[in-house]
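Please read the structure below before turning to the comments.
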Amino acid sequence: YKRVDNDIMEKARKQYSLWKDAPLPENLKKDAIAIQGDAEDIYDRFCRDMTFGTSGLRGKMGIGTNRINEIVIKRATMGVADYLLSKHEKPKVVIGYDTRKNSAAYAEETARTLAARGIDSYVFMQPVPVPAVSFGIRYMGADGGIMITASHNPPKYNGYKVYWEDGAQIVPPHDKGIITEVNSIEDFSTIKKITKEEAIKK
122 YKRVDNDIME KARKQYSLWK DAPLPENLKK DAIAIQGDAE DIYDRFCRDM
172 TFGTSGLRGK MGIGTNRINE IVIKRATMGV ADYLLSKHEK PKVVIGYDTR
222 KNSAAYAEET ARTLAARGID SYVFMQPVPV PAVSFGIRYM GADGGIMITA
272 SHNPPKYNGY KVYWEDGAQI VPPHDKGIIT EVNSIEDFST IKKITKEEAI
322 KK
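Per the working numbering, residue 122 is the first one in the sequence shown, and the count goes up by one each step.
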């Protein structure tokens, strides 16, 4: 049994209730039902927002603010989008993904979220290794890139890595600038939504 902070537990319960009652993708709805009544699991999944580090995000997949899922991916992408728009009038982004479960879906969510902010993206049509994204950024003259991968971590994990216009992972001052933008999005309901069809038109 893990000792938990009562205030954080209450916050986790509230977050869980908000997510459970929200319109979620089918896989997350199943997760929400599966953990109902499991206080320890709810605490672990909702006790904090997943931290956006210097290379991006990495963690277990599933429902929760402390997990990798479609909603957390959208939040990260909104932060990346806002930072890019502060630097470029019409930024372009290259998106790659690996063969892990959900990687292709997360790549599509990323592209749709960028499109909602008026940012064009080039998405690989098949899984690629990380260096392909670095090359693609320079080849397409893009302003950044995103790779959906958890590298060597176990199958339950996935991740979200951010790259700059030189094809390298983000470094100061861009890492801090993006982290600030991501962390400023506290209300997940404010994240813009757009359909795949609308995104393609944009």
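We treat Cβ as the ideally placed atom computed from N, Cα and C, and that holds for glycine. This one's a predicted model, so the numbers in the text were calculated from it and none came from an experiment.
| Asked | Found |
| --- | --- |
| Considering only DSSP beta bridges, list what ARG166 is partnered with. | ARG166 pairs with nothing; no bridge assigned. |
| Name the DSSP bridge partner or partners of GLN157? | Looking at the DSSP assignment, GLN157 forms no beta bridge with any residue, so it has no partner. |
| If LYS277 and MET268 are in contact, beta carbons under 8 Å, what's the gap, nearest whole angstrom? | Rounded, the Cβ-Cβ distance is 19 Å, inconsistent with contact. |
| Alpha carbons only, please: which of VAL215, ILE315, CYS168 and SER255 is nearest the one belonging to ALA289? | SER255 |
| ILE184: which of VAL214, GLN136 and SER207 sits nearest, CA to CA? | GLN136 |
| Could you compute how far the alpha carbon of ASP142 sits from the alpha carbon of PHE167? | 15 Å |
| Sorted by chain position, which residues of the same chain lie with C-beta nearer than 7 Å to TRP140's C-beta, five sequence neighbours on each side aside? | ALA153 and ILE184 |
| Around the Cβ of VAL292, are there at least 16 other Cβ atoms within 10 angstroms (buried) or fewer (exposed)? | exposed |
| Output the residue ranges of the beta strand (DSSP E) runs that lie fully inside the stretch 200–254 and measure 3 residues or longer, sorted by chain position. | 213–218 and 241–244 |
| First and last residue of the beta strand (DSSP E) that includes ARG179? | 177–181 |
| What beta strand (DSSP E) runs, 3 residues minimum, are completely inside the stretch 265–314? | 265–269 and 278–285 |
| Between which two residues does the alpha helix (DSSP H) containing ARG188 stretch? | Taken as a continuous stretch (DSSP letters only), ARG188 belongs to no alpha helix (DSSP H), as it is neither H nor E. |
| Under 8 Å by Cβ, that's how I've got SER272 and GLY280 pegged, so tell me the actual separation to the nearest angstrom. | 7 Å |
| May I ask you to verify whether the stretch 217–234 touches the stretch 184–201, counting CB pairs closer than 8 Å and requiring at least 3? | yes |
| For VAL244, collect the residues of the same chain with a Cβ closer than 7 Å to its Cβ; drop the 5 residues on either side in sequence, then sort them by chain order. | ILE216, ALA228 and ALA232 |
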